[in-house]
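A short write-up of the structure that comes next.
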Amino acid sequence: MSRSILDILTGRRPAAPEAKPISNAGGSASLPSIVRGSSMFNDLAGYGSGLQLPTEQTVLTVSAIYACVNLIAGAIATLPINVFSRADDGELAPLPSDDIWWMLNEQMTPRWAAPSGWEFLVQSLLLPGDGFARILRNPAGAMVGMEPLHPGRVTVVTDGVRLIYSVEPDPNVLSAFRGDRVILDQDDVLHIPGFGFDGLRSLSPLRGALRMTGAVALATQDYSARFFANSARPDFALQTDQVLSPETVERLRDQVTERHAGTAQAHRPMVLTSGLKVQTISLPADDMQLLATRQFQIEEIARIYGVPPFMIGHNEKTTSWGSGVEAMGIGFVRYCLRRHLNKITHELNRKLFRTARRVVAFDTSDLERADFKSLIDGFRAAIGRAGEPGFITPEEARERLGLRRTPIHGTLNTGVAHASEPAQPL
1 MSRSILDILT GRRPAAPEAK PISNAGGSAS LPSIVRGSSM FNDLAGYGSG LQLPTEQTVL
61 TVSAIYACVN LIAGAIATLP INVFSRADDG ELAPLPSDDI WWMLNEQMTP RWAAPSGWEF
121 LVQSLLLPGD GFARILRNPA GAMVGMEPLH PGRVTVVTDG VRLIYSVEPD PNVLSAFRGD
181 RVILDQDDVL HIPGFGFDGL RSLSPLRGAL RMTGAVALAT QDYSARFFAN SARPDFALQT
241 DQVLSPETVE RLRDQVTERH AGTAQAHRPM VLTSGLKVQT ISLPADDMQL LATRQFQIEE
301 IARIYGVPPF MIGHNEKTTS WGSGVEAMGI GFVRYCLRRH LNKITHELNR KLFRTARRVV
361 AFDTSDLERA DFKSLIDGFR AAIGRAGEPG FITPEEARER LGLRRTPIHG TLNTGVAHAS
421 EPAQPL
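Written out as structure tokens, the structure is:
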């Protein structure tokens, strides 16, 4: 801090400069607010527990986290998004030829296919905590595309009424075409918030539930890798009653490491002379319950994301046969996917249409569909059988099965013989 000559002569101290906020992926924080115990301090200085700080890249090396994120993002990316027009009586009519349908289901931009874009947005929602996409419009204001944005490039502020988004240039774009920072109004950004949204950003799972669970999983995974890379051999010491010189000790240590450490030297016999004995100084893997620890972490990570453990390959305490899995699959849609789909649907409707005349909705029927026998029995009851009244037509049932409403050739068998048909001779 420099002082002018007038300040030196008068003894006046210049005013302290205003604390400038430092930007990060989760927003900004002024320097005085970075105190011990704050989330920003922990991000910069670590836990103080000796554990590795989980990041978006490192947590995906944990198979359970990768499986949960891949399952949820992949499931949402496979769901069709239908566009409907709403009549005055509330009846919804599909608009399969609408331009927005193509953008939501096939291609967001020439660079982003729609399934890849939705996977990226949901991954951002599940790890950093927010999914962002820039809404591209033509000069008339009509939407012509969506460009997914990495949350690390986006800073969210507010003027008290509306949200304002500052988007940094994409580092993957060639510098000649990269451009400068862009300031966007909330109408031009699709913002899908996660749990704990405070009006600006959501609570990042990396700072919340995954903060300790992910760090422990990374530490356990790293320990397992080093343990088995060392031939799953616990640490040991060579013991002798003789007095060895420092040079002899160093030479003996180097020889043992060279000939017996690592997977390439596994099960190679060790020859001991001069009264040397092997003394184990650490617990074996089964005593440390290493595998049990990893299994518990799988269940804990699945609990964080609301995923049934059997859906990520953990079948130890869950049946994998019969109607139990079918019911849990429906529960996966209802209790895990639905909350994410609801946020995406509401954000699309309010940013794309701003009217109740047109809406979008995810079609989850394929994921919630029962087995074929139960499905057919349900349609038979819905159409009406054995004198019972029905509430749908055969054409509507065919449409729900993904078939044409009417066959291209021939007619449907109604199962009822016509009176005009002559009786067949015996």
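Letter 100 of the sequence shown, counting from 1, is numbered 100 in the UniProt record's numbering, and no numbers are missing. Beta carbons are placed, not taken as given, at the ideal position from N, Cα and C, and that holds for glycine. None of these values were measured; they are calculated from a predicted model.
Using DSSP with H/G/I as helix, E/B as strand and the rest coil, what is residue i?
{"i": "T58", "result": "helix"}
{"i": "T393", "result": "coil"}
{"i": "L184", "result": "strand"}
{"i": "Q242", "result": "coil"}
{"i": "L290", "result": "Summary for L290: the model assigns pLDDT 49, below 50, so the residue's position carries little reliability, and this model does not support an answer."}
{"i": "T406", "result": "coil"}
{"i": "P193", "result": "strand"}
{"i": "A19", "result": "Bear in mind that the predicted position of A19 carries a pLDDT of just 46, short of 50, making it too unreliable to give a figure here."}
{"i": "F362", "result": "strand"}
{"i": "V333", "result": "helix"}
{"i": "V307", "result": "coil"}
{"i": "V167", "result": "strand"}
Of all the options the options, which has the alpha carbon lying nearest to the alpha carbon of residue i?
{"i": "Q186", "options": "E347, R400 and R358", "result": "E347"}
{"i": "L125", "options": "A73, G160, R181 and M146", "result": "A73"}
{"i": "A64", "options": "H314, K373 and E399", "result": "H314"}
{"i": "I164", "options": "S175, R354, D188 and V173", "result": "D188"}
{"i": "F84", "options": "T78, F332 and D98", "result": "D98"}
{"i": "D198", "options": "S175, G179, V157 and L174", "result": "V157"}
{"i": "F353", "options": "E388, L403 and L190", "result": "L190"}
{"i": "W101", "options": "D89, N82, R111 and S116", "result": "N82"}
{"i": "P205", "options": "R303, T345 and E399", "result": "R303"}
{"i": "G402", "options": "G387, S365 and E388", "result": "S365"}
Return the chain-ordered list of same chain residues with a C-beta closer than 6 Å to the C-beta of residue i, the five sequence neighbours on each side being excluded.
{"i": "L60", "result": "Y66"}
{"i": "E168", "result": "R153 and R181"}
{"i": "D170", "result": "none"}
{"i": "D254", "result": "none"}
{"i": "L341", "result": "F362"}
With a cut-off of 7 Å, does the C-beta of residue i fall near any C-beta of chain C?
{"i": "L104", "result": "In the displayed structure, chain C is absent; only one protein chain is listed."}
Answer yes or no: do residue i and residue j have a C-beta to C-beta separation smaller than 7 Å?
{"i": "I192", "j": "K343", "result": "yes"}
{"i": "E147", "j": "R134", "result": "yes"}
{"i": "P80", "j": "D363", "result": "yes"}
{"i": "L203", "j": "G129", "result": "yes"}
{"i": "V122", "j": "I76", "result": "yes"}
{"i": "P309", "j": "M328", "result": "no"}
{"i": "E56", "j": "L104", "result": "no"}
{"i": "F132", "j": "L149", "result": "yes"}
{"i": "C68", "j": "Y335", "result": "no"}
What does a CB cutoff of less than 8 Å around residue i pick up in its chain, not counting 5 residues either side in sequence?
{"i": "A356", "result": "R86"}
{"i": "A382", "result": "G390, F391, I392 and A397"}
{"i": "L136", "result": "T109, M143, V144, G145, M146 and E147"}
{"i": "R385", "result": "none"}
{"i": "E106", "result": "A113 and A114"}
{"i": "W118", "result": "A73, I76 and A77"}
{"i": "L200", "result": "G27, V156, V157, T158 and L163"}
Beta-carbon within less than 7 Å of residue i's beta-carbon, same chain only, minus the 5 sequence neighbours each way: which residues are those?
{"i": "N349", "result": "V359 and V360"}
{"i": "I330", "result": "E368"}
{"i": "T406", "result": "E395"}
{"i": "G179", "result": "P169"}
{"i": "M311", "result": "L71 and F332"}
{"i": "residue 431", "result": "Shown here, the chain extends from 1 to 426; a query on residue 431 therefore has no answer."}
{"i": "L291", "result": "With a pLDDT of only 49 at L291, under the threshold of 50, the placement of this residue in the model should not be trusted; the figure read from the coordinates follows. Excluding residues within five positions, none has a Cβ falling inside 7 Å."}
{"i": "D377", "result": "none"}
{"i": "L184", "result": "R134, Y165 and V167"}
{"i": "T345", "result": "V360, A361 and F362"}
Problem set entry | Ranges of the alpha helix (DSSP H) found wholly within the stretch 80 to 165, counting only runs of at least 4 | 99 to 105 and 114 to 126
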